[in-house]
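Read in my numbering, the sequence shown has 164 at position 164, and its numbers run on one by one without any break.
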Amino acid sequence: MTPITLLTGASAGIGTALAHEFASHGHALVLVARREQRLNALADAIAAAGHPRPMVLAIDLQSPEAGARIATELQARGLEPGVVINNAGFGLVGLATELDIAEQRDMIDLNVSALTDLSLRFVASIERHKGGILNVASVASFMPGPRSAVYYATKAYVLSFTEALHQELAPRGIRVCALCPGPVPTEFQARAGVPQARGPGSMTLSAEEVARAGYRGFMEGHRVVVPGFANRLITLASRLVPRRFLLRALESRQMKRKES
Ligand SMILES: NC(=O)c1ccc[n+]([C@@H]2O[C@H](COP(=O)([O-])OP(=O)(O)OC[C@H]3O[C@@H](n4cnc5c(N)ncnc54)[C@H](OP(=O)(O)O)[C@@H]3O)[C@@H](O)[C@H]2O)c1
């Protein structure tokens with residue numbers, strides 16, 4: 001079986017940047033998202049840059065059958081993951097009690113359930129190819145997020161799960177890394193219902209900068225990668241500042257984002 005790097009959420013933002021980054025380092029990619037046209041355009045761009053054309057799988061990862069479908073599609077082509085990058089995800093900003101419950105459950109299905117399935121399903125082939133798992137978490141993973149409660153909780157799960165898996169799989173030679181970006185201007189903000197990312201300037205990085213830091217940290221075997229000095233400071237501060245102050249500060253930031 002030929003090893004490939006499976007990348008979810010490749011049709012936009014950080015996923016597109018990760019696709020270019022991994023392709024430029026020689027990874028043969030399988031790109032997953034729902035918008036097939038976007039994935040094909042990205043595959044063409046990667047081929048035009050002189051790399052092997054990635055395979056494209058248009059799949060809704062919110063479906064409970066998505067993991068099995070990906071496995072079947074790969075097997076039919078004699079492919080198996082050596083690396084899995086779980087990047088697909090979305091957030092919502094608003095009071096949890098006022099946001100649509102079904103949409104918040106969709107977020108859990110994608111950010112948590114699909115990521116867990118794809119992290120565990122291909123461990124045998126990842127081990128055979130001495131590869132790894134890169135899960136996209138967030139600076140939000142380090143703190144509770146009033147007015148984006150479910151999103152922050154999903155990202156806390158991603159970080160906790162990924163760190164534990166890092167420890168469990170280290171003896172098998174499998175690297176497992178959580179990539180935790182701060183604000184990145186992508187389609188994420190429009191989907192979340194807020195204006196474009198504008199954290200304090202030094203926190204905001206481009207998708208390309210995040211992808212570069214993610215690739216480097218993953219290859220170096222880091223457990224957690226937080227791109228950007230200001231973002232590393234925030235994650236550190238979030239562990240030191242009393243929870244009640246942190247909760248107030250984060251709530252007022254989300255209220256300002258909604259208003260601006
Ligand atoms: N942007 C930020 O400020 C930021 C900060 C920290 C962490 N993150 C995390 O970074 C990751 C990527 O976010 P982004 O900023 O690049 O967002 P984005 O530009 O909105 O891209 C999200 C990607 O996920 C895919 N996706 C969404 N729902 C899907 C589904 N049901 N099935 C399959 N694919 C699906 C989208 O593709 P389709 O719509 O074509 O399906 C798209 O490719 C997310 O996990 C996010 O939580 C983002």
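Yeah, the Cβ is synthetic: ideal placement off N, Cα and C, and Gly gets one too.
M143 carries a coil assignment under DSSP once its states are collapsed to helix, strand and coil. Annotated three-state conformation of L7 is strand, per DSSP. Look at the beta carbons and you see the stretch 243–256 not touching the stretch 172–184: under three pairs across the two are nearer than 8 Å. Short note on R257: C-beta not closer than 7 Å to any heavy atom of ligand 1. Taken through DSSP and simplified to helix, strand or coil, L79 comes out as strand.
Here I133 carries a strand assignment [DSSP, helix/strand/coil]. In the structure shown, V150 adopts helical secondary structure according to DSSP, grouped into three states. By the C-beta criterion, the stretch 51–64 is judged not to be in contact with the stretch 94–101, since fewer than 3 inter-stretch pairs fall below 8 Å. The secondary-structure analysis by DSSP pairs L29 across a beta bridge with T5. For V176, the uninterrupted beta strand (DSSP E) segment begins and ends at R175 to L179.
For Q196, the shortest C-beta to heavy atom distance toward ligand 1 is 7 Å or greater. Nearest in C-alpha terms to D109, of all of A153, V176 and L95, is A153.
Assignment of I85 by DSSP, reduced to helix, strand and coil, places it in the strand class.
Three or more Cβ pairs drawn from the stretch 77–88 and the stretch 3–17 lie within less than 8 Å of each other, which places the two stretches in contact.
In the DSSP assignment, M203 falls outside any beta strand (DSSP E) and carries neither an H nor an E. DSSP places L57 in the uninterrupted beta strand (DSSP E) bounded by M55 to A58.
Secondary structure within the stretch 93–120: the alpha helix (DSSP H) runs of 4 or more consecutive residues, fully enclosed, are 101–108 (chain order). Around R212, the same chain offers E21 as residues with beta carbons nearer than 7 Å, after the five sequence neighbours per side are excluded. The beta carbon of A137 lies closer than 7 Å to those of K155, V158, L159, T162, A178, L179 and C180 in the same chain, with the five residues before and after it left out. Less than 8 Å separates the beta-carbon of L92 from that of V150.
For F229, the enclosing alpha helix (DSSP H) has its first and last residue at F229 to L240. When rounded, the separation of the alpha-carbon atoms in V224 and D117 is 20 Å.
For T16, the enclosing alpha helix (DSSP H) has its first and last residue at G13 to S24. When secondary structure is reduced to three states using DSSP, V210 falls in the helix class.
A check of alpha carbon separations from K258 across R239, Q189 and A230 identifies Q189 as the nearest.
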